[in-house]
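Trainee: In terms of our numbering, the sequence shown opens at residue 25 and continues consecutively.
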Amino acid sequence: MHIQILSRIHRLACTAGALLILVLATVVSTEAEVSTRKLPVLTGTDVLSVHSKSVGDDFVVYVRVPPEAAAEPERKFPVIYTLDGDHTFPMMASVVTELGFSGAVPPAIIVGIGYGTLDLENGNHRSRDLSPQAFKQFPGLSGGGPKFLKFLTEEAFPMIESKYPADGGQRYLFGHSLGGLFALYTYTKQAEDFAGIVAGSPALVAQLPFLEQTAGDGEARSCRLCILTGDEEDAATFRDDLGPLEARLE
Numbered sequence: 025m026h027i028q029i030l031s032r033i034h035r036l037a038c039t040a041g042a043l044l045i046l047v048l049a050t051v052v053s054t055e056a057e058v059s060t061r062k063l064p065v066l067t068g069t070d071v072l073s074v075h076s077k078s079v080g081d082d083f084v085v086y087v088r089v090p091p092e093a094a095a096e097p098e099r100k101f102p103v104i105y106t107l108d109g110d111h112t113f114p115m116m117a118s119v120v121t122e123l124g125f126s127g128a129v130p131p132a133i134i135v136g137i138g139y140g141t142l143d144l145e146n147g148n149h150r151s152r153d154l155s156p157q158a159f160k161q162f163p164g165l166s167g168g169g170p171k172f173l174k175f176l177t178e179e180a181f182p183m184i185e186s187k188y189p190a191d192g193g194q195r196y197l198f199g200h201s202l203g204g205l206f207a208l209y210t211y212t213k214q215a216e217d218f219a220g221i222v223a224g225s226p227a228l229v230a231q232l233p234f235l236e237q238t239a240g241d242g243e244a245r246s247c248r249l250c251i252l253t254g255d256e257e258d259a260a261t262f263r264d265d266l267g268p269l270e271a272r273l274e
């Protein structure tokens with residue numbers, strides 16, 4: 025199980041994820057207040073409305089291409105896919121831009137997968153799409169992770185790589201909380217489609233046994249995994265909880 029981030033783009037994805045963890049607690053606490061407001065869109069962002077056959081629903085996909093693409097039209101760029109894109113995309117795009125000013129990290133295309141709203145009762149289906157297995161309390165509102173993963177890999181990837189100068193061999197995934205759970209699920213199920221995956225404060229809840237089932241026994245994975253937790257989380261307990269899953273992945 026690779027948890028070291030060695031290359032510059034791996035450092036970029038993991039550092040950006042760590043910085044997002046610092047601010048996402050504030051976003052979550054104020055989400056109810058802003059859920060009915062019109063979502064702001066960063067300048068230079070393409071906003072795509074995409075219907076998924078796999079999920080049977082519509083998504084809003086935010087795309088930001090680095091300015092280097094205009095000067096180097098033949099160049100292909102790494103792509104960072106960020107879940108909960110309605111609020112993580114603006115932050116991820118800003119963090120990546122700031123880190124790139126010094127030239128310490130390479131430019132990357134940022135893709136946010138979202139719904140066009142933060143309102144969980146009216147259009148934002150993160151509970152459905154980011155949970156690998158249905159929660160007993162909410163069977164009809166969860167468990168859509170497998171369909172969402174199919175949308176991501178079989179529909180979103182081809183679309184992005186046909187429309188933008190995206191390097192299909194350098195895909196990275198970032199998810200936080202429930203998105204972090206989905207990121208872990210993706211690592212156990214379909215790691216070969218990514219060069220790196222960042223799971224921030226994954227909401228493990230009762231889904232760990234399911235992740236252990238999907239992990240296989242010591243399957244070789246070239247994809248690197250970075251798991252992040254916040255300062256206020258019990259890192260020791262978190263690591264103990266992940267122990268059985270880590271053993272299956274090694």
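Where is the CB? At the ideal position from N, CA and C, for every residue including glycine.
For my contact list, Ala-190 and Phe-101 are in at a C-beta cut-off of 8 Å; report their separation, rounded to the angstrom.
Mentor: Yes, Ala-190 and Phe-101 are in contact; Cβ-Cβ is about 6 Å, under 8 Å.
Trainee: Go ahead and label Asp-70 buried or exposed: buried means 16 or more other beta carbons lie within 10 angstroms of its beta carbon, across all protein chains shown.
Mentor: exposed
Trainee: With 16 other CB atoms within 10 Å as the buried threshold, where does Gln-161 fall?
Mentor: exposed
Trainee: As a quick exercise: from Val-84, Thr-238, Ala-259 and Ala-132, pick the residue whose alpha carbon is nearest that of Pro-156.
Mentor: Thr-238
Trainee: Start and end of the beta strand (DSSP E) containing Phe-198?
Mentor: 190-200
Trainee: Based on DSSP bridge pairs, tell me the residues matched to Val-222.
Mentor: Phe-198 and Cys-250
Trainee: From the DSSP output, which residues share a beta bridge with Thr-106?
Mentor: Thr-106 is bridged to Gly-136 and Phe-198.
Trainee: Who are the near neighbours of Glu-57 in its chain, counting only those whose CB is closer than 7 Å to its CB and skipping five residues on each side?
Mentor: Note that Glu-57 scores a pLDDT of 43, beneath 50, so its modelled location is shaky; the value from the coordinates is reported in the next line. Closer than 7 Å at Cβ, skipping near neighbours: no residue.
Trainee: Determine the DSSP secondary structure at His-111, reduced to helix, strand or coil.
Mentor: Helix.
Trainee: Less than 8 Å separating the beta-carbons of Ser-78 and Phe-175?
Mentor: yes
Trainee: Gly-254: which of Ser-201, Leu-269 and Gly-138 sits nearest, CA to CA?
Mentor: Ser-201
Trainee: Since Thr-261 is in the beta strand (DSSP E), which residue starts that stretch and which ends it?
Mentor: Unbroken run through Thr-261 is the alpha helix (DSSP H), 259-273; no beta strand (DSSP E).
Trainee: Write down the C-beta distance between Tyr-188 and Val-89 rounded to the nearest angstrom, noting that I regard them as a contact closer than 8 Å.
Mentor: 6 Å
Trainee: Here's the rule I'm using: 16 or more other beta-carbon atoms within 10 Å means buried, otherwise exposed. How should Arg-263 be labelled?
Mentor: exposed
Trainee: What residues in its chain sit with their C-beta under 7 Å from that of Leu-208, if we drop five residues either side in the sequence?
Mentor: Ala-223, Pro-226 and Leu-235
Trainee: Take Gly-138 and list the residues in its own chain whose beta-carbon comes closer than 6 Å to its own, dropping the five residues that flank it on each side.
Mentor: Val-84, Gly-109 and Asp-110
Trainee: With 16 other CB atoms within 10 Å as the buried threshold, where does Pro-131 fall?
Mentor: buried
Trainee: Pull up the DSSP beta-bridge partners for Arg-88, would you.
Mentor: Thr-69 and Ile-134
Trainee: Exposed or buried, what is Asp-258 when buried is set at 16 or more other beta-carbons lying within 10 Å of its beta-carbon?
Mentor: exposed
Trainee: Assuming Val-65 contacts Val-135 under a Cβ cut-off of 8 Å, what Cβ separation, rounded to an integer in Å, is found between them?
Mentor: With a Cβ gap of about 14 Å, Val-65 and Val-135 do not count as contacting.
Trainee: So what's Asp-255 in DSSP terms, helix, strand or just coil?
Mentor: coil
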